[in-house]
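Notes for the one structure printed next.
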Amino acid sequence: MSQVIFCNDKKNVYMGPSLLNSEQIVLTKPIALIGMMGVGKTHIGRLLAKELGISFVDSDDEIVLSAGQAVCDIFEFYGEPAFRDLEGKVIERLLENKASVISTGGGCITQPETLEKLKLSSHLIWLTSDIDVLVERTARRDDRPLLKGRDPHEALSSLFAARKPLYAQAAFSVDSGAGARDVVQKIIDYLAE
Ligand code: S3P
Numbered sequence: 002m003s004q005v006i007f008c009n010d011k012k013n014v015y016m017g018p019s020l021l022n023s024e025q026i027v028l029t030k031p032i033a034l035i036g037m038m039g040v041g042k043t044h045i046g047r048l049l050a051k052e053l054g055i056s057f058v059d060s061d062d063e064i065v066l067s068a069g070q071a072v073c074d075i076f077e078f079y080g081e082p083a084f085r086d087l088e089g090k091v092i093e094r095l096l097e098n099k100a101s102v103i104s105t106g107g108g109c110i111t112q113p114e115t116l117e118k119l120k121l122s123s124h125l126i127w128l129t130s131d132i133d134v135l136v137e138r139t140a141r142r143d144d145r146p147l148l149k150g151r152d153p154h155e156a157l158s159s160l161f162a163a164r165k166p167l168y169a170q171a172a173f174s175v176d177s178g179a180g181a182r183d184v185v186q187k188i189i190d191y192l193a194e
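Below, the structure written as structure tokens:
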């Protein structure tokens with residue numbers, strides 16, 4: 002397990018001799034994972050949090066808890082804009098816990114305020130993948146409202162085309178096809194820089 006140090010300002014951290022090796026990471030804010038649905042944010046986020054010994058939270062799970070309704074139902078009864086508002090508020094609250102890894106819903110970055118908060122208050126990491134991989138992984142569940150009744154390849158491709166410039170504003174990106182352990186290691190190496 003890597004040793005994690007929390008502080009408000011990386012420049013002011015004193016690392017004595019016992020802390021000076023590549024396994025030590027100074028976290029000034031939480032780690033947030035963004036990327037398309039099916040890219041593996043939850044799986045990789047859990048592994049990363051475990052490896053760092055910090056907590057893991059999934060923003061969709063928190064939305065369901067606070068609304069008392071499934072994501073699909075929120076979309077159906079209140080519409081996507083209401084879901085995005087709630088998602089923004091939940092993510093803002095989750096960003097307060099700097100000792101955490103946050104897996105976000107794939108479309109949260111479409112709200113400019115949410116993207117700005119994530120850029121400012123997290124180590125923002127974009128997980129990427131080929132559309133074919135997303136098609137295969139999203140086929141395992143049928144609870145994603147934006148894919149309902151649509152050709153998954155076409156739907157994911159057009160969502161990705163619109164979102165790519167937003168995801169690209171992350172501080173670091175990594176291809177999730179490399180295998181979860183490798184992806185986690187790449188993220189840790191980036192955080193340790
Ligand atoms: C969405 C992704 C979903 C969920 C909702 C909308 C999106 O989360 O928030 O269905 O707009 O891409 P995952 O990315 O965890 O599947």
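Under the working numbering, residues 2 to 194 are what the sequence shown spells out, in order.
Just so you know, even glycine gets a beta-carbon here, dropped at the ideal spot from N, CA and C.
Because the structure is a prediction, the values reported are computed rather than measured.
For the 9 Å CB-CB criterion, Gly108 and Leu160 form a contact.
The way I'd put it, the stretch 121-128 doesn't touch the stretch 50-67; fewer than three beta-carbon pairs between them come closer than 8 Å.
Taking 9 Å as the cut-off, the beta carbon of Leu135 is found closer than this to the beta carbon of Met38. Taking a cut-off of 8 Å on C-beta distances, the stretch 44-53 does not touch the stretch 90-97, as fewer than three cross pairs fall below it. Per DSSP, reduced to three states, the secondary structure at Ser174 is strand. Closest in C-alpha terms to Glu137, from the list Glu194, Phe7, Gly41, comes Gly41. Judged by beta-carbon spacing, Ile110 lies beyond the 9 Å limit of Leu157, meaning their Cβ atoms are not closer than that value. Under the DSSP assignment, Leu135 falls in the alpha helix (DSSP H) whose first and last residues are 132-139. Just so you know, the alpha carbons of Arg182 and Lys51 end up roughly 12 Å apart.
Rounded to whole angstroms, Ala140 and Leu28 show a C-alpha spacing of 35 Å. Between Ser101 and Pro31 a beta carbon distance of about 5 Å is seen, short of the 8 Å cut, so the two are scored as contacting.
Taking Phe7 as the centre and dropping the five residues before and after it, the same chain places the C-beta of Leu28, Lys99, Ala100 closer than 7 Å to its C-beta, in chain order. The straight-line gap separating the alpha-carbon atoms of Glu81 and Ile75 is approximately 8 Å.
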